[in-house]
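Asker:
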Amino acid sequence: MIEPAMKNFFLFLSQNKALNHAAKKWGLKFGANRFVAGETIQDAIRKVRELNQQGLVCTLDHLGEFVFSPEEATECADYCIRTLDAIHEAGVESNLSIKMTQLGLDIDQNLCMSNMRRILDAARKYGNFVRIDMEDYAHCQITLDILAELRKEYVNVGTVIQAYLYRSEKDLDTLKGIPLRLVKGAYKEPQEVAYPEKKDVDENYKKLIAKHLLNGNYTAVASHDDQIIEFTKEFVREHNIPRSQFEFQMLYGIRTQSQVDIAKQGYKMRVYVPYGNDWYGYFMRRLAERPANVAFVLKGMVSK
Ligand SMILES: Cc1cc2nc3c(=O)[nH]c(=O)nc-3n(C[C@H](O)[C@H](O)[C@H](O)COP(=O)(O)OP(=O)(O)OC[C@H]3O[C@@H](n4cnc5c(N)ncnc54)[C@H](O)[C@@H]3O)c2cc1C
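In the numbering used here, the protein residues as written are 2 to 305.
In structure tokens, the structure reads:
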């Protein structure tokens with residue numbers, strides 16, 4: 002387990018606006034290309050095609066942090082639409098993941114809604130699907146409220162539920178019929194709202210997977226944890242749940258051999274592929290997750 006001090010250090014760095022700003026000009030540095038597919042849409046599409054050739058499907062994420070103006074939010078939405086265009090034109094198998102704070106959620110909810118509608122219209126035109134990533138607890142309820150509004154108009158949208166939150170099991174009751182990605186949860190949350198112990202998060206995760214699947218809903222199990230993956234395989238076997246009702250997901254660059262192995266076993270495996278020049282914050286959060294990644298980066302820096 003990563004030292005809490007080191008984890009906090011990288012989470013702190015991930016929020017440094019000056020470094021974030023500077024990094025946009027550096028190009029992908031310090032081994033970030035292990036976790037980020039490239040800076041341009043073309044780079045990303047090339048990587049998606051390679052992954053498709055290995056039997057993996059993808060979800061593309063155009064990276065972006067610290068969106069403060071309506072113009073920046075609109076630009077982010079334009080980027081999302083260009084990504085959907087590029088997926089369609091290249092004929093690759095990928096959907097899109099987005100973060101609503103990039104689309105103006107903290108600036109003006111109407112702006113965020115109109116950006117979401119523009120993106121969902123483009124996705125619908127191409128028969129594609131959009132996943133709203135779940136951000137920190139402060140954005141959880143508003144994300145679910147906006148999703149409920151959007152679902153009245155669009156079927157091609159879903160979101161993410163985090164197993165570390167106490168509220169998640171109840172949330173599943175209001176999310177029947179909605180395709181969900183289930184994750185452990187990536188943010189630093191207080192114990193008033195989230196299980197502090199990993200074993201409780203893991204137990205709740207299994208409960209959520211079982212519940213959403215038994216409710217007959219399409220479920221994406223997004224985890225690198227073998228214990229969770231094995232639980233899912235066993236559970237679907239026992240309950241005769243068809244493989245068309247669920248998929249596994251992992252992040253680009255993490256457990257890449259396992260991704261291919263699971264796909265070869267006949268399961269759908271979707272890789273979350275981030276790209277763009279705003280890579281710094283995402284990269285720091287991946288380093289915060291795991292010391293082995295830090296060692297990998299340091300090795301890369303000294304061998305240059
Ligand atoms: C496709 C996808 C989408 C996600 N979307 C969201 C989201 O919208 N909102 C959100 O809050 N969180 C999201 N997450 C992150 C998630 O919440 C977890 O923080 C993250 O996946 C780590 O948890 P884990 O289930 O992989 O298990 P862990 O218990 O963290 O790890 C289990 C094992 O996986 C391996 N592993 C885990 N992380 C790494 C790593 N960085 N490098 C190398 N090996 C590693 C290690 O072997 C580790 O022992 C997403 C994760 C994935 C895979």
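Glycine residues also receive a C-beta, built at the ideal position from the N, C-alpha and C atoms.
Computed from a prediction, not measured in an experiment: that's the story for all the values here.
1) When the Cα atoms are used, what is the spatial distance from F236 to K212?
2) Going by DSSP, what residue range makes up the alpha helix (DSSP H) through Q54?
3) Looking at G186 and ligand 1, is the gap between the Cβ and the nearest heavy atom below 7 angstroms?
4) Please state whether the Cβ-Cβ distance between L57 and Q260 is less than 8 angstroms.
5) Using a threshold of 7 angstroms, is the CB atom of K199 nearer than that to any non-hydrogen atom of ligand 2?
6) Just reading off the alpha helix (DSSP H) that F13 is part of, what are its end residues?
7) Note down the Cα distance separating H71 from S245, rounded to an integer number of angstroms.
8) Which residue marks the beginning of the beta strand (DSSP E) containing E248, and which one marks its end?
9) For the beta strand (DSSP E) containing L57, list its first residue and its last residue.
10) Can you give me the C-alpha to C-alpha distance between D134 and L214, rounded to a whole angstrom?
11) Tell me whether Y283 sits in a helix, a strand or coil according to DSSP, three-state version.
12) With P71 as the anchor, note down where its alpha helix (DSSP H) starts and where it stops.
13) Just grab the DSSP bridge partners of L97 for me.
14) How is the beta strand (DSSP E) around L112 delimited, first residue to last?
15) Kindly indicate the opening and closing residues of the beta strand (DSSP E) around I162.
16) Is it true that the region 116-125 meets the region 91-108, where meeting means three or more beta-carbon pairs spaced less than 8 angstroms apart?
17) Just reading off the beta strand (DSSP E) that Y276 is part of, what are its end residues?
18) Which one of Y80, I179 and K171 has the shortest CA to CA distance from V156?
19) Look at L121 and A74 and say whether their C-beta atoms are less than 8 angstroms apart.
20) Going by DSSP, what residues sit across from L173 in a beta bridge?
21) May I ask which residues mark the beginning and end of the alpha helix (DSSP H) holding A149?
22) Starting from V237, follow its DSSP beta bridges and name the residues at the other end.
23) Compare the Cα-Cα distances from D62 to each of R132, A123 and K189 and report the closest residue.
24) If you compare alpha carbons, which of A187, A123 and Y127 is closest to Y138?
Answerer: In short:
1) 11 angstroms
2) I42 to Q54
3) yes
4) yes
5) Ligands displayed in this structure: ligand 1; ligand 2 is not among them.
6) P5 to S15
7) Correcting the residue type first, residue 71 is Pro in the shown sequence and not His. Each residue's alpha carbon lies about 39 angstroms from the other.
8) F247 to L252
9) No beta strand (DSSP E) holds L57; DSSP gives it neither H nor E.
10) 20 angstroms
11) helix
12) P71 to A91
13) L61 and V131
14) Where L112 is concerned, there is no enclosing beta strand (DSSP E), although the alpha helix (DSSP H) it sits in stretches over Q110 to K126.
15) V158 to Q163
16) yes
17) M270 to Y276
18) I179
19) no
20) Answer is none; L173 lacks a bridge partner.
21) C141 to R152
22) V237 pairs with nothing; no bridge assigned.
23) R132
24) A187
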